[in-house]
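One structure is given below, encoded as structure tokens.
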Amino acid sequence: MSTEDTPKDYSESPINLEYFYTAGSATTRFLNQVKEGNIVGQGCPKCKAVYVPPRGSCPRCGVATDIEVPLTDKGCIESFTVVHIPIPGNPIVPPYVCAMIRLDGANISFLHLIQDVDIENIRIGMRIQAVWKPKEEWTHSLENIKWFAPIDEPDVDVATLRFQES
Amino acid sequence: MSDSKDLLRAPFELAYNYKRSNGPVMSKFFEALGEQKILGTKSSTGKVFSPAAEFDPDTHESLNDMVEVGPGGSVESFSWIEAPQNHHLIKEPFAFALIKLDGADSSMLHMITDCNEADLSIGTRVTAAWSETTTKRITDIKFFTLEK
């Protein structure tokens, strides 16, 4: 078949979903602090677990997490993946590293980028700290943190990342 | 609890730029739309599916016998959209409808416009109106209108 009469073998079928997102009270409290450069988790009054980002309730105990727990921007890598495949529309050039970040004092982790390090050196338990955007660019978003970068501290023992009953 | 007026709100758009592989049967269907023809596939039982189906849901045979259907057809069911929203392709009141094209045994989901809600009922005759430019997509049929 010549190029001319090759049937079109694919079709573009874009999907656009337009939402209007309303943050609940827990997320609003959290993001108002993020705007000021603070990371404030929320603690369960019963089991004392600390959630960051907080969703407003403890899934273990089923009670509201009404204790505000200020955290630092330091923590460790709980798990990570190296992304080699470019995602359309994503400005980050592969290969790059996405990691679950466990902040000191938190019982859950969240997803963010790891940079300023050779990929082959990244490991679970590695100590890291947030690299913030300039203050004038801060908004109600965890994107105020550009990425997390390793710091010169000894690795965390992976066993301590397990949930501790209290 | 914060007062609900203090809650943060923001628009959020989720977009997937999918490219869908058409395969041998649907490629012919879309090619034909570019020539303002509507095709269906015919099974060994004589049943005709349009939009073209790759397999017969009853006999499970693969289908590749293409036959032309339409451009006229009848309304099998419809839902009237009085106030179209941004994401709708037609900005005037219109209906989403299942249309059984002449020569077909299955129905096609498309839009009917240029009429009033009261003009439509099950069995109403409609015919395809074509887009000015063809892109070999289902939207090459711009919409259906009442058969004159």
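Protein chains in written order, with the working numbering: chain Z, 1 to 166; chain Y, 1001 to 1148.
Note that beta-carbon positions come from the ideal geometry of N, C-alpha and C, so glycine has one too.
query: Backbone secondary structure at R1137 (chain Y) - three-state DSSP; result: coil
query: Cut-off 7 Å between Cβ atoms - residues of its own chain near E4 (chain Z), not counting five sequence neighbours on either side; result: Any reading at E4 (chain Z) must be qualified, since the residue scores a pLDDT of 49, below 50, and its modelled position is unreliable; the value itself is stated next. Closer than 7 Å at the Cβ level, and outside the excluded window around E4 (chain Z), lies no residue.
query: Partners in chain Z for A1015 (chain Y), counting only beta-carbon separations shorter than 8 Å; result: P14, I15, N16, L17, G89
query: Cβ-heavy atom distance, C1115 (chain Y) to the ligand MG, below 8 Å; result: Here there are no bound small molecules, and the ligand MG is not part of this structure.
query: Selected residue, minimal CA-CA separation from V199 (chain Z), among Z:D157, Z:W138, Z:P94, Z:A106; result: Outside the shown range of chain Z (1 to 166) lies residue 199 (chain Z), about which nothing can therefore be said.
query: Any chain Z beta carbon closer than 9 Å to D1140 (chain Y); result: no
query: Contact with chain Y by M100 (chain Z), beta-carbon distance below 9 Å; result: no
query: Proximity test, Cβ basis, 9 Å: H84 (chain Z) and chain Y; result: no
query: Length-filtered (4 minimum) alpha helix (DSSP H) runs lying within the segment 109-144 of chain Z; result: none
query: Residue-chain proximity (A130 (chain Z), chain Y), Cβ-Cβ < 9 Å; result: no
query: Own chain partners of V40 (chain Z) with C-beta closer than 6 Å, once the 5 adjacent residues on each side are dropped; result: Q33, E68, P70
query: Check whether T1059 (chain Y) and F1049 (chain Y) have beta carbons under 9 Å apart; result: no
query: Selection from Y:D1056, Y:F1029, Y:T1145, Y:D1114 that minimises the alpha carbon distance to V1069 (chain Y); result: Y:F1029
query: Between the CA atoms of L1063 (chain Y) and T1045 (chain Y) - distance to the nearest angstrom; result: 11 Å
query: Interface residues of chain Z facing F1096 (chain Y) [CB-CB closer than 8 Å]; result: Within 8 Å Cβ-Cβ: nothing; F1096 (chain Y) doesn't reach chain Z, min ~17 Å.
query: Listed by chain order, chain Y residues near L31 (chain Z) by CB distance under 8 Å; result: L1008
query: 9 Å Cβ cutoff met for N1086 (chain Y) and E18 (chain Z); result: yes
query: Chain Y contact residues for H140 (chain Z), given Cβ-Cβ distances below 9 Å; result: L1008, A1010
query: Distance between S25 (chain Z) and M1001 (chain Y) (C-alpha atoms, nearest Å); result: At M1001 (chain Y), the pLDDT of 48 sits below 50, so the modelled position is not reliable and the matter cannot be decided from this model.
query: Which listed residue (Y:L1120, Y:T1145, Y:A1015, Y:I1138) has its alpha carbon closest to that of I1038 (chain Y); result: Y:I1138
query: Expected contact under 8 Å - CB spacing of F1144 (chain Y) and I1112 (chain Y) to nearest Å; result: 5 Å
query: 9 Å Cβ cutoff met for P54 (chain Z) and T81 (chain Z); result: no
query: DSSP three-state assignment for N1145 (chain Y), whether helix, strand or coil; result: It should be pointed out that residue 1145 (chain Y) corresponds to Thr in this sequence rather than to Asn. In this structure, T1145 (chain Y) counts as strand in the three-state DSSP scheme.
query: Whole runs of the beta strand (DSSP E) within the segment 25-63 of chain Z, excluding any shorter than 3 residues; result: 39-43
query: Residues near A64 (chain Z) in its chain [Cβ-Cβ closer than 7 Å; skip 5 each side]; result: G56, S57
query: Distance, L111 (chain Z) Cα to V117 (chain Z) Cα; result: 17 Å
query: Counted within 10 angstroms of its Cβ, other Cβ atoms place N121 (chain Z) as buried (16 or more) or exposed; result: exposed
query: T1133 (chain Y) and G1072 (chain Y) closer than 9 Å at C-beta; result: no
query: Status (buried if at least 16 other CB within 10 Å, exposed otherwise) for W1130 (chain Y); result: exposed
query: Within chain Y, the residues that S57 (chain Z) reaches when beta carbons sit closer than 7 Å; result: Going along chain Y, no residue has its Cβ under 7 Å from S57 (chain Z), so there is no contact; the nearest lies around 13 Å.
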